[in-house]
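Peer 1: Dropping the structure in here first, questions after.
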Amino acid sequence: MKKIKELSKKYDCFVNTQESNLKNLNLKNIPFKLKYINAMLPESAEWYKSEIADLDNRIFGPKGMFSPPWIDITFSGMAGAAIGLKEKDGQVVTIARFCGSLENDKMQLWTLLTYPKVQGKGLGTVTLALFSALNQKKKKFQYITQIENPALRLYMKLISPDNPLRLTGIGFYHSQMPNSIAITSKIPKNPFDVLVNGIKAPEEIRQGTGVEKLDGNEIPLNQVLFLPEKSKHNKIISDDILKGASYDVIWWLSDKDSKEFDLVGPHLVIKKTGSISPLSHNGKLIG
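In the working numbering, the protein residues as written are 1 to 287.
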């Protein structure tokens, strides 16, 4: 793609992990000059501490990541991996950190960061595509963020008729942040085609029809609903999910988008797509 070719003139790609993890990763079809960093080597540890700690500090401030350093080093190098973009002969500007899951076909994407000075250039989207390309041997991944995080717009690009984003957790603390949500998605087979292209909101969002503000304690099936960043419904939905109900993420509205619907603050647009039938004894989903 033209955009990728242009970016590859300015940026290289790096992969940080230990050698035994490479068999689970797909290093083919990475459309950037690739640098492999063996996370087990002392010099690699020094590179990681200087380059990645520097990126964390540039994003989060002098204290860096909320998690202690050993978590970062372990789950993005030894027991996991990291992939990102760096300026040619310059700084690291994006990183996706990920590790395995209790489910063999699933990855946990636990950090996706873009340095503020390059935000708006599509590098976060490209980094998510790189993560997806690297993990073609897996079927899906889960990520955690907050409803008010503008990065959610990026993940909306994954939505397709055969890939609804599944809401798997809501209303918990993560990295000292409340209002966290967990979402599971399929890993796209052609990530650069899927993610780097533009995206449109669903018709019902663009037309402002068929969408309701979440109200009351009963959450109806197959009704598109607005969920604000701080909501009394978080626990209701969380308990419902734990009981076996399924919810899809339809879209994400920024504060500006929400104003068009006379709402205040970011909103997640969701739809309850299945629930445990009270008449069922085997946990069968209805809806």
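Yeah, the Cβ is synthetic: ideal placement off N, Cα and C, and Gly gets one too.
Among the candidates LYS138, PHE32, TYR115, ASN197, whose CA atom is the shortest distance from the CA of LYS23?
Peer 2: Of the listed residues, the one whose Cα sits closest to LYS23 is LYS138.
Peer 1: ASP54 to LEU27, Cα distance in whole Å?
Peer 2: Going from the Cα of ASP54 to the Cα of LEU27 covers about 26 Å.
Peer 1: Using the C-alpha atoms, what's the distance from ALA129 back to LEU279?
Peer 2: Bear in mind that a pLDDT of 43 at LEU279, under 50, signals an unreliable position, so the model cannot answer this.
Peer 1: With ASP248 as the anchor, note down where its beta strand (DSSP E) starts and where it stops.
Peer 2: Here the beta strand (DSSP E) through ASP248 covers 246-253.
Peer 1: Taking just the CA atoms, how far does ILE270 sit from ASN234?
Peer 2: The straight-line gap from Cα to Cα measures roughly 12 Å.
Peer 1: Which runs of the beta strand (DSSP E), 3 residues or longer, sit entirely within the segment 99-139?
Peer 2: Fully enclosed beta strand (DSSP E) runs of 3 or longer: 106-114.
Peer 1: Could you pull out every residue in the same chain whose Cβ sits closer than 8 Å to the Cβ of SER254, ignoring the five residues on either side in sequence?
Peer 2: Hits under 8 Å: PRO150, ARG153, PRO266.
Peer 1: DSSP three-state call for LEU285: helix, strand or coil?
Peer 2: Low confidence applies here, because LEU285 scores a pLDDT of 44, under 50, leaving its location unreliable; read the following figure in that light. Strand at LEU285.
Peer 1: Would you tell me roughly how many angstroms separate the C-alpha atoms of GLN91 and MET156, rounded to the nearest one?
Peer 2: Distance between the alpha carbons of GLN91 and MET156: 28 Å.
Peer 1: Going by DSSP in three states, ASP215 sits in which element: helix, strand or coil?
Peer 2: Three-state result, ASP215: coil.
Peer 1: Let's see if you can read the secondary structure: which residues bound the beta strand (DSSP E) around VAL15?
Peer 2: Here the beta strand (DSSP E) through VAL15 covers 11-17.
Peer 1: Can you tell me whether ASN217 is buried or exposed, with buried defined as 16 or more other CB within 10 angstroms of its CB?
Peer 2: So ASN217 counts as exposed.
Peer 1: Name the DSSP beta bridge partners of PHE226, please?
Peer 2: Note: PHE226 sits in a beta bridge opposite LYS213, VAL269.
Peer 1: Going by the beta-carbon positions, is the gap between LEU158 and SER180 smaller than 7 Å?
Peer 2: The answer is no: Cβ separation not under 7 Å.
Peer 1: Just to confirm my understanding: we take GLY124, look at its own chain, exclude 5 residues before and 5 after, and list those with CB closer than 6 Å. What are they?
Peer 2: Result list for GLY124: THR114, LEU154, in chain order.
Peer 1: Identify whether GLY171 lies in helix, strand or coil by the three-state DSSP scheme.
Peer 2: DSSP places GLY171 in strand when its eight states are reduced to three.
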